[in-house]
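Novice: Residue numbers (our numbering), protein chains in the order written: chain A, 34 to 349; chain B, 2 to 435. The beta carbon of each residue, even a glycine, is placed where N, CA and C say it ideally should be.
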Amino acid sequence: MPYQNATSQLFLSIENEVGTTRLERMVLTSLAAAIHDFREKGEEDFLEQFYELLEMVKNTEPRIALVIDRFYHIWTVLCEAKNSKHPETHLYWERQILEALDRFHKESKEERKAITRVGVELVKEGDVILIHSISTTVLDVLLASKRAGKKFRVIVAEQELEKTSHLIEVLTSNKIHFQVVPEYMLSHIEEEVTKVLLGGVTINNTLHVVCDAGTNAIVSEFHLSKTAVYLFISTRKFSLWETRSQQHHYKVSTTRLRSCKEIEFERIKFSHDRVSLSLYDKVVTEKGVMTIGEITQLYKEKFNERASWREEFFKD
Amino acid sequence: MDLQLLVALSIFSVALVTIILEFLDKSLVAMFGAVLMIILGILNFDEAIGAINFETLGLLIGMMIIVDLVNSSGVFSWVNVNIARLTGGRPWLIFFVFVLVTALFSTFLGNVTTVLVIVPIVMTLTKGLGLNSKLFLVALILFAIAGGAMSLIGDPSNIIIGSAAKLSFNDFIGHQIIPVSAVMTVLLLILALSRWEALRPIAGNLRQLFISHLLIQKIEQVFGRQEISRLLVVKVLFVLFLTLLGFIFQDHLNLPISVISLTGALVLLIATTKHASIRETLEKVEWPTLFFFIGLFIMVAGLEKVGLLEVVGHGIIGITDSYLILLLIVLWTAGFVSMVVDNVPFVTIMIPLIFQIQTSLPADTNSQLLWWALSLGACLGGSGSPIGASANVVSIGLAEKAGVSISLREYLKIGFPMTVLMLMVASLYFVLVV
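(1) From LEU87 of chain B to LEU61 of chain A, what distance separates their C-alpha atoms?
(2) Are the stretch 165 to 180 of chain A and the stretch 204 to 217 of chain A in contact at 8 Å, needing three or more beta carbon pairs?
(3) On a Cα-Cα basis, can you pick out the residue from A:LYS184, A:PRO215, A:LYS183, A:PHE185 that is closest to LYS196 of chain A?
(4) Given that a residue counts as buried once 16 or more other Cβ atoms are within 10 Å of its Cβ, and exposed if not, what is ALA66 of chain A?
(5) Are there 16 or more other CB atoms within 10 angstroms of the CB of CYS112 of chain A, so buried, or fewer, so exposed?
(6) Which of the three DSSP states, helix, strand or coil, is assigned to LEU433 of chain B?
(7) Kindly say whether GLN82 of chain A, judged by its beta-carbon, lies nearer than 7 Å to any beta-carbon of chain B.
(8) Grab the span of the beta strand (DSSP E) containing GLY321 of chain A for me, first residue to last.
(9) Only counting runs of 4 or more residues, tell me where the alpha helix (DSSP H) segments fall wholly within the stretch 190 to 263 of chain B, in order along the chain.
(10) Run through DSSP, which three-state label would GLN192 of chain A get?
(11) What residue ranges within the stretch 65 to 134 of chain B form continuous alpha helix (DSSP H) runs of no fewer than 4 residues, ordered along the chain?
(12) Based on DSSP bridge pairs, tell me the residues matched to PRO289 of chain B.
(13) Quick one, which of B:LEU29, B:ASN83, B:ILE67, B:SER396 has its alpha-carbon nearest PHE224 of chain B's?
(14) Please list, in chain order, the chain B residues whose beta carbon lies closer than 7 Å to that of LEU64 of chain A.
(15) Would GLU77 of chain A pass as a contact of THR122 of chain A if the rule is Cβ separation under 7 Å?
(16) Alpha carbon to alpha carbon, what distance is there between VAL18 of chain B and MET38 of chain B?
(17) In the stretch 362 to 412 of chain B, which residue ranges form an unbroken beta strand (DSSP E) of at least 3 residues, counting only runs that do not cross its ends?
(18) Can you say whether GLY247 of chain A is buried or exposed, counting buried as having 16 or more other CB atoms within 10 angstroms of its CB?
(19) Hey, is LEU25 of chain B's beta-carbon within less than 7 Å of any beta-carbon in chain A?
(20) Nearest-angstrom Cα distance between LEU424 of chain B and LEU43 of chain A?
(21) Taking buried to mean at least 16 other C-beta atoms within 10 Å of its own C-beta, is TYR332 of chain A buried or exposed?
(22) For LEU243 of chain B and GLY265 of chain B, I'd like the C-alpha separation in whole angstroms.
(23) Measuring alpha carbon to alpha carbon, tell me which of B:PRO289, B:ILE350, B:LEU328, B:VAL342 ends up nearest GLY308 of chain B.
(24) Which one of B:VAL301, B:ILE66, B:PHE239 has the shortest CA to CA distance from SER278 of chain B?
(25) Is the shortest distance between the beta-carbon of ALA204 of chain B and the beta-carbons of chain A less than 7 Å?
(26) Determine whether the Cβ of MET323 of chain A lies closer than 7 Å to any Cβ atom of chain B.
(27) Give me the Cα-Cα distance between PHE99 of chain B and PHE239 of chain B, rounded to the nearest whole angstrom.
(28) Return the residues of the stretch 379 to 407 of chain B that lie within a Cβ-Cβ distance of less than 8 Å from chain A, sorted by chain order.
(29) Below 8 Å, how does it come out for the stretch 110 to 120 of chain B and the stretch 145 to 156 of chain B: are there three or more Cβ pairs, yes or no?
(30) Shorter than 7 Å from the beta carbon of LEU94 of chain B to some beta carbon of chain A?
(31) Helix, strand or coil, according to DSSP, for VAL30 of chain B in the structure here?
(32) Given a cut-off of 7 Å, decide if SER166 of chain A and GLU94 of chain A are closer than it, judged by their beta-carbon atoms.
(33) Might you give, ordered along the chain, the residues of its own chain that have their beta carbon closer than 6 Å to the beta carbon of SER293 of chain B, omitting 5 neighbours on each side?
(34) Which same chain residues, not among the five before or five after THR366 of chain B, have their C-beta less than 8 Å away from its C-beta?
(35) For a test of the three-state rule: what should DSSP assign to SER272 of chain A, helix, strand or coil?
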């Protein structure tokens, strides 16, 4: 249980700070390093510990779809390796997993490039683009558009200082012109914005996008003002299982003391928002730009494809 | 009893009790005590100004500026992240590497600065790995304090002793290296052997290895994000190196140590005008601490003037004829007092006492050993309780911020016996050298 809690906290904090795409990369790198350093006591020990690790990763709160998808594939690689009856047993399994991890890194890179390519096509000359949370994919699109010589302006919807500072650092170091507007004052620049580019953690089976806190208000506002709102998400980010709870459990409650007046009050923070997929205009994936109808269809197909996997992988 | 003596003693006693019980800020109490000494005629204004040890203040101001600029250059974060990466999340390696780095940094940068830069990263690392963070916290404090005991600039009490007794940077390193190295070796061995369960290798635990590697990557993100200007790093390290070199060659330079420290600070401020604002840097100087020292210097001068310290000095000499026992009395008294009281007031009051005692010793006695006994006792004793030294208070506060709370009992369980052990090793040193 302490490992489970530690992993959940670690996943959540990394996702919050750098997004799920970076989290996936860090998880894969860490798994490769852990397997490399692991001194198992034979094949049984390897299998036992690997399954414990698998359990730990698939039961984090929240479940990270991108990571679970990778672990599902690692699990299938291990199953295949076990069935091959190779004489070196666990050493062979280890090698197979490490090769798979290497392959995943390459695939992720290609996938990122594909989404970026599609995204760059969307950015037009003179665009005023609103961004909000730290999305590696959205930042990739902006950087690639800048490299392609496109002239556009970026407005950063200011949220928590730490996260917005990170965005500011990236945009500054890449010489992308930007302005920062507090997220509760966006109505004043609503008419200037031509596109809203946002990332997301996952799309779940209730067809909601789990994303950074504050996104719901932005998507709703620009949906009402009929400004194009694009969601950038890889199809591997689909949560292909039943959502465990409609309630969001990532609530952080803080009690602070205002020293000047000694007023105690409770400040409630939420780590994520759940935004109805229908509020977005288009979804940009590695497969191209999709309408909400198309992405819903794709989600349902994938969800059905993984029915037997769900049963086996999440059997407990 | 002489009325003036009674008044001076009352002012000092009330001030000391108020400082210990933390009713008011200690700098405020010390300054008020000093002002009372003047108002009530114990000292006149000129005597009070004359009592201030500007050598100590100059050295402290200079080092505070240098250390702040070194810290803001991001070089500490860079070093820490690389050390974390080097350990690969192995508990025993985190323990050994970080405690030794802490001792080293503490020797050359002071124990408070050291814990400020090292405690947050070690707490994040050990808490995230599910290790016994409290053990690591107490170990860091013990080694910060032991490392600080080795040099003139490692602990505020050493700065006061060095300035008063005209002991150079080299004198400190030269004399303290043997007892402090012995103390640290024994401490490391005892801690590692007695707590091996918490430090054992994790190579046989895949989940822990995975979490370790992921956590180190996270630490690289969090602590390594600070953009580092190479030019700034080169400048601050170069000036820090030159200042330390100045301390080492102080005798040849024939300059007071405060002048060397202030020169280093001013050169660095000029060299970094583009990177750091002088206003912000000066705001970060711990002015309340400096005023606390000023107040103490004046109050102790008051006690000295009314003849109280002379009486106490003769009293201590009268206890024993044995120089070794006298040294051990100084060492252990300083040690135990420093566990419950800030060591600075104690050292400040002990300095004129030591001078008194030295005048009563036979000519062939190595009277300098009394300073080393005072320094070792005051520094090492500070680690015996959570409030014994500023480094402890700062570390515990930083650990709490990182989600690691340590109770008084938990601290004493490791900290107190280890402090007694350190004082025993130091005693053995005096047994061997006298």
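Specialist: In brief:
(1) Within the second sequence, numbered from 1, the residue matching residue 87 of chain B stands at position 86. Within the first sequence, numbered from 1, the residue matching residue 61 of chain A stands at position 28. When rounded, the distance between both Cα atoms is 19 Å.
(2) Segments in contact, yes.
(3) Taking the first sequence and counting its residues from 1, one reaches residue 196 of chain A at position 163. The shortest Cα separation from LYS196 of chain A among A:LYS184, A:PRO215, A:LYS183, A:PHE185 belongs to A:PRO215.
(4) Numbered from its first residue, the first sequence carries residue 66 of chain A at position 33. Sixteen is the threshold: when 16 or more other Cβ atoms of the shown chains lie within 10 Å of the Cβ of ALA66 of chain A, as they do, the residue is buried.
(5) In the first sequence, counting from the first residue as 1, residue 112 of chain A sits at position 79. With fewer than 16 other Cβ atoms within 10 Å, it is exposed.
(6) Here residue 433 of chain B refers to the residue found at position 432 when the second sequence is read from its first residue. Judged by DSSP in its simplified three-state form, LEU433 of chain B adopts helix.
(7) The residue labelled residue 82 of chain A in the question sits at position 49 within the first sequence. Yes, contact with chain B.
(8) Counted from its first residue, the first sequence places residue 321 of chain A at position 288. The continuous beta strand (DSSP E) containing GLY321 of chain A extends over residues 321 to 323.
(9) With a minimum length of 4 residues, the continuous alpha helix (DSSP H) runs that stay inside the stretch 190 to 263 of chain B are 197 to 200, 207 to 224, 231 to 249, 251 to 254.
(10) Along the first sequence, read from residue 1 onward, the residue named residue 192 of chain A stands at position 159. Correct three-state label for GLN192 of chain A: coil.
(11) Those alpha helix (DSSP H) runs which fall completely within the stretch 65 to 134 of chain B and span 4+ residues are 76 to 88, 92 to 110, 112 to 129.
(12) Within the second sequence, numbered from 1, the residue matching residue 289 of chain B stands at position 288. Answer is none; PRO289 of chain B lacks a bridge partner.
(13) Stepping through the second sequence from its first residue, residue 224 of chain B is reached at position 223. It is B:ASN83 whose Cα lies nearest to the Cα of PHE224 of chain B.
(14) Taking the first sequence and counting its residues from 1, the one referred to as residue 64 of chain A is at position 31. Neighbours of LEU64 of chain A on chain B, chain order: PHE211.
(15) In the first sequence, residue 77 of chain A corresponds to position 44, counting from 1. In the first sequence, residue 122 of chain A corresponds to position 89, counting from 1. No, the Cβ-Cβ distance between GLU77 of chain A and THR122 of chain A is not below 7 Å.
(16) Residue mapping note: residue 38 of chain B aligns to position 37 of the second sequence, counting from 1. Residue mapping note: residue 18 of chain B aligns to position 17 of the second sequence, counting from 1. Going from the Cα of MET38 of chain B to the Cα of VAL18 of chain B covers about 17 Å.
(17) Listed in chain order, the beta strand (DSSP E) elements of length 3 or more contained wholly in the stretch 362 to 412 of chain B amount to none.
(18) Residue numbering aside, residue 247 of chain A sits at position 214 when the first sequence is read from its first letter. GLY247 of chain A comes out buried.
(19) Along the second sequence, read from residue 1 onward, the residue named residue 25 of chain B stands at position 24. For LEU25 of chain B, no CB of chain A lies under 7 Å from its own CB, so it is not counted at the interface with that chain.
(20) Reading the second sequence from its first residue, position 423 is the one you call residue 424 of chain B. Reading the first sequence from its first residue, position 10 is the one you call residue 43 of chain A. Answer to the nearest angstrom: the Cα atoms are 41 Å apart.
(21) Translated into positions along the first sequence, residue 332 of chain A becomes position 299. Note on TYR332 of chain A: 16 or more other CB atoms within 10 angstroms of its CB, so buried under the neighbour-count rule.
(22) Taking the first residue of the second sequence as position 1, residue 243 of chain B is located at position 242. Taking the first residue of the second sequence as position 1, residue 265 of chain B is located at position 264. Approximately 7 Å, taken between the alpha carbons.
(23) Taking the first residue of the second sequence as position 1, residue 308 of chain B is located at position 307. Distance from the Cα of GLY308 of chain B is smallest, within the candidate group B:PRO289, B:ILE350, B:LEU328, B:VAL342, for B:ILE350.
(24) Counting from one through the second sequence, the residue named residue 278 of chain B turns up at place 277. Per the Cα distances, B:ILE66.
(25) Locating residue 204 of chain B in the second sequence gives position 203, where the first residue counts as 1. So, interface residue.
(26) Working through the first sequence from its first residue, we reach residue 323 of chain A at position 290. The C-beta of MET323 of chain A comes no closer than 7 Å to any C-beta of chain B.
(27) On the second sequence, position 98 is the one that residue 99 of chain B refers to. On the second sequence, position 238 is the one that residue 239 of chain B refers to. Going from the Cα of PHE99 of chain B to the Cα of PHE239 of chain B covers about 24 Å.
(28) If the cut-off is 8 Å between Cβ atoms, the stretch 379 to 407 of chain B has nothing near chain A.
(29) Output reads yes: the stretch 145 to 156 of chain B touches the stretch 110 to 120 of chain B.
(30) Your numbering for residue 94 of chain B matches position 93 in the second sequence. For LEU94 of chain B, the answer is no, since every Cβ of chain A falls outside 7 Å of its Cβ.
(31) By one-based count along the second sequence, residue 30 of chain B stands at place 29. Looking at VAL30 of chain B - three-state DSSP - the assignment turns out to be helix.
(32) Counting from 1 along the first sequence, the entry for residue 94 of chain A is found at position 61. Counting from 1 along the first sequence, the entry for residue 166 of chain A is found at position 133. Their beta carbons are not under 7 Å apart, which means GLU94 of chain A does not touch SER166 of chain A by this criterion.
(33) Your numbering for residue 293 of chain B matches position 292 in the second sequence. The amino acid occupying residue 293 of chain B in the given sequence is Phe; Ser does not appear at that position. These residues qualify, in order along the chain: LYS27, SER28, ALA31.
(34) Sequence index remark: in the second sequence, residue 366 of chain B carries index 365 (1-based). Excluding residues within five positions, the ones whose Cβ falls inside 8 Å are TYR324.
(35) For this step, residue 272 of chain A is matched to residue 239 along the first sequence. In the structure shown, SER272 of chain A sits in coil (DSSP, three-state: anything other than H, G, I, E or B).
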